[in-house]
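Residue numbers (the working numbering): -6 to 127.
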């Protein structure tokens, strides 16, 4: 939770506050390559996310993919992209930490995070029990 929720943001925040102001011309000159690499990252890591068989790995890979979106906003070099990246950093930090907490609780209760072993958490009997007890 700490790595996905906070530590990944330090690198992008440092890029935003230190690296880009120090070398704005270099950032503009190489932006085309950076944008191409970021689009490739988003597509490749998105496909890797879809292929995962465990919830925690799915969350981890999707977190990396979302960081690509944030980096893409920073690399756009305009105020809308940078503001959107800052907002997405905050939203991603809060949501991914909560998702990993839920995954940890799910692992504690079920003993696994493997999709095949979970067998579906919304089976008809489980929903019926919740409706009767609720």
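No residue lacks a Cβ here, since even glycine has one placed at the ideal position from N, Cα and C.
Open item on the list: With three or more beta-carbon pairs closer than 8 Å as the criterion, would you say the segment 93 to 102 touches the segment 73 to 85?
Closed with: In short, these stretches do not touch, since the Cβ pair count stays below three.
Open item on the list: Using 9 Å as the threshold, is the C-beta distance between residue 49 and residue 106 below it?
Closed with: Within the chain shown, residue 49 is the residue found at index 56, counting from 1. Within the chain shown, residue 106 is the residue found at index 113, counting from 1. The Cβ atoms of residue 49 and residue 106 sit closer than 9 Å to each other.
- [ ] Kindly indicate which three-state DSSP category residue 45 falls into: helix, strand or coil?
- [x] Counted from its first residue, the chain shown places residue 45 at position 52. Note: residue 45 maps to coil in three-state DSSP.
Task: Buried versus exposed call for residue 82 [16 or more other C-beta atoms within 10 Å across all chains shown] - done: Sequence index remark: in the chain shown, residue 82 carries index 89 (1-based). With 16 or more Cβ atoms within 10 Å of its Cβ, residue 82 is classed as buried.
Open item on the list: Distance check for residue 56 and residue 89, CA to CA, integer angstroms please.
Closed with: Mapped onto the chain shown, residue 89 falls at position 96. Mapped onto the chain shown, residue 56 falls at position 63. Residue 89 and residue 56: Cα-Cα distance of roughly 7 Å.
- [ ] State yes or no: is the C-beta of residue 19 within less than 9 Å of the C-beta of residue 70?
- [x] Here residue 19 refers to the residue found at position 26 of the chain shown. Here residue 70 refers to the residue found at position 77 of the chain shown. In this structure, residue 19 sits away from residue 70, with a CB-CB distance that is not shorter than 9 Å.
Open item on the list: If contacts are defined as beta-carbon pairs under 8 Å, then residue 15 and residue 68 qualify, I think. What distance do you get, rounded to the angstrom?
Closed with: Within the chain shown, residue 15 is the residue found at index 22, counting from 1. Within the chain shown, residue 68 is the residue found at index 75, counting from 1. The Cβ separation is near 16 Å, so there is no contact.
TODO: Name the residue from 13, 9 and 65 whose alpha carbon lies nearest to the alpha carbon of residue 35.
DONE: By 1-based counting over the chain shown, the position of residue 35 is 42. Residue 65 is the option with its Cα nearest to residue 35.
TODO: Give me the Cα-Cα distance between residue 8 and residue 112, rounded to the nearest whole angstrom.
DONE: Here residue 8 is taken as the residue at index 15 of the chain shown, counted from 1. Here residue 112 is taken as the residue at index 119 of the chain shown, counted from 1. Looking at the two C-alpha atoms, the distance is approximately 42 Å.
Task: Beta carbon of residue 2 nearer than 9 Å to that of residue 97 - done: Numbered from 1 along the chain shown, position 9 holds the residue referred to as residue 2. Numbered from 1 along the chain shown, position 104 holds the residue referred to as residue 97. Not in contact: residue 2 and residue 97 (Cβ atoms no closer than 9 Å).
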